[in-house]
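There are 2 protein chains.
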Amino acid sequence: MLNRNSLKDIELYFSEEIDLDNNTIIIKGDELKHLTTVMRHKPGDKIFVTDGKGSLFETVFEKAAKEKLETAIITTTCFKNNYQNVFFCIPLLRNPERFEFALEKSVELGITNFIIYTAKRSVKKNVKAERLNKIVLSAMKQSLRTFLPSIIHLENLAAIVKNDGEFFVLHQGAEKKLKDVRINREKNSYFLFGPEGGFDISELEFFSNNDFYKLSVNRLRSETAVISTASLLCTI
Amino acid sequence: MLNRNSLKDIELYFSEEIDLDNNTIIIKGDELKHLTTVMRHKPGDKIFVTDGKGSLFETVFEKAAKEKLETAIITTTCFKNNYQNVFFCIPLLRNPERFEFALEKSVELGITNFIIYTAKRSVKKNVKAERLNKIVLSAMKQSLRTFLPSIIHLENLAAIVKNDGEFFVLHQGAEKKLKDVRINREKNSYFLFGPEGGFDISELEFFSNNDFYKLSVNRLRSETAVISTASLLCTI
């Protein structure tokens, strides 16, 4: 039977101001504006809120003032982050739209940790942190997920490989297939993607041949490799 | 060992004017312009050309006139289209960028047949055929593929389900998982995606419960479902 009663038609809001003692949530800023001005919710309406830390709250709109809105928690559902030890390491790409698309799709599919790095062949050098945070917040809500992704920026690949964990470097010339990978959830797993021109030879030397994985014998754009990897890891 | 000598660094050109009797290829139009004006190739340069029907020609730039360029075929490699019976049925989406991104990524991953349809909940109604043809041509060349994808436009879902074959309708509420699907290469397989608001209830009635498949328990945007499906089917 097709389940038509899933959570597919709700809107999800984000708030960090959860008062569990009083069973209330305060909603402010852009979230408040969307809730009242765009969606025109009124007191008594059911409002779904996440804290971005794994909890989904079913609440009721109680009262609104100009700067904040209060809802009453009815039920709380806690989710587990299956990908808490998975890190997607994406270089700055020449085309910001392609970069943002890769980020958005990865969040929709369930990835929650991003490391943006400047590859040797990255052309663009600056990270628009505020814009990227908005994209991941929006993608989290869109896909009804409850973990707000974190984005950090590291200067280069050398700073990434200092971390403890397993490295999975996506490369067309690899022998091993990413499809066959079963990640070890006890360890951190770093998935590394190259920029438009590919990794520089000095970057490849951080890794052993054992670290390389392929998705296709064909050439894939950076953002395609990112989204395909997220699809392989996260689809059920 | 990491294979650094794959075809990853070539440019690929497209021509339908392959003269096998004389072992020559004529290149015209945009392809000619890119080859001479942008890439500044000269007589003697090695040029890779595909006919979009499965053949990859390694050729040498022989001579150029204003309107056409002639290359001499050195070697010919024929590929098999593993996805010749796979049809991706994508509705017109409100946001043309998201639609075009889904199309581009699917081509990069190996899908070669597209049916664009106007869903009950499609907002946008017109198909920019010329623009879409350019996108799939460019994605084919980018990913070094040799099958030029075909795009047809059908009025609605009813016109699609008239076809003979198996139907795979992507739906968050399905019980079966797309990941478990093994397509029958002897039959046509139609993968159907819904628009932003999902399928209309009258559209769902074309199918039996057996036709529905899910990618995630989370809500995915239309273009994410398209790209994830292509990733699951086509990555090696």
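Chains as they are written, first to last, in my numbering: chain A, 26 to 261; chain B, 26 to 261. The beta-carbon is built from N, C-alpha and C at its ideal position, and this holds for glycine as well. The structure presented is a predicted model; accordingly, all values stated were derived computationally and were not measured.
query                                                                                                                                                                          : result
Do B:K204 and A:T102 have their CB atoms nearer than 8 Å?                                                                                                                      : no
For the ligand MG, is there a heavy atom less than 7 Å away from the beta-carbon of A:P220?                                                                                    : With respect to the ligand MG, the structure offers nothing, as it holds no ligand at all.
Just to confirm the assignment: which complete alpha helix (DSSP H) runs, minimum length 4, are found wholly within the region 39 to 124 of chain B?                           : 54 to 58
Does chain A have any CB closer than 8 Å to the CB of B:L117?                                                                                                                  : no
Take B:E211 as the anchor and find which of B:N110, B:F104, B:E155 and B:A250 has the nearest alpha-carbon.                                                                    : B:N110
Under 8 Å Cβ-Cβ, which residues of chain A neighbour B:I261?                                                                                                                   : K202, K204, K239, L240, S241 and V242
Just checking: is the beta-carbon of B:S168 within a distance shorter than 8 Å of some beta-carbon in chain A?                                                                 : yes
What runs of the alpha helix (DSSP H), each 4 residues or longer, lie entirely inside the region 209 to 260 of chain A?                                                        : 226 to 229 and 247 to 259
Rounded to whole angstroms, what is the Cα-Cα separation between A:Q197 and A:V242?                                                                                            : 6 Å
Put A:K201 into one of helix, strand or coil per three-state DSSP.                                                                                                             : strand
So what's B:V206 in DSSP terms, helix, strand or just coil?                                                                                                                    : coil
Opposite A:V179 in the DSSP bridges: which residues?                                                                                                                           : As written in the sequence, residue 179 of chain A is Leu, which differs from the Val given in the question. Answer is A:Y142.
Could you give the DSSP three-state label for A:L173: helix, strand or coil?                                                                                                   : coil
Name the chain B residues whose beta carbon is nearer than 8 Å to that of A:F126?                                                                                              : F126
Name the chain B residues that come within less than 8 Å of A:L257, Cβ to Cβ?                                                                                                  : S256, L257 and T260
Can you look up A:E36 in the DSSP assignment and give me helix, strand or coil?                                                                                                : coil
Check this for me: beta carbons of B:A90 and B:T61, under 8 Å apart or not?                                                                                                    : no
Give me, in chain order, the residues of the same chain whose beta-carbon lies closer than 8 Å to that of A:T100; leave out the 5 immediate sequence neighbours on both sides. : F82 and E83
Helix, strand or coil, according to DSSP, for B:V152 in the structure here?                                                                                                    : coil
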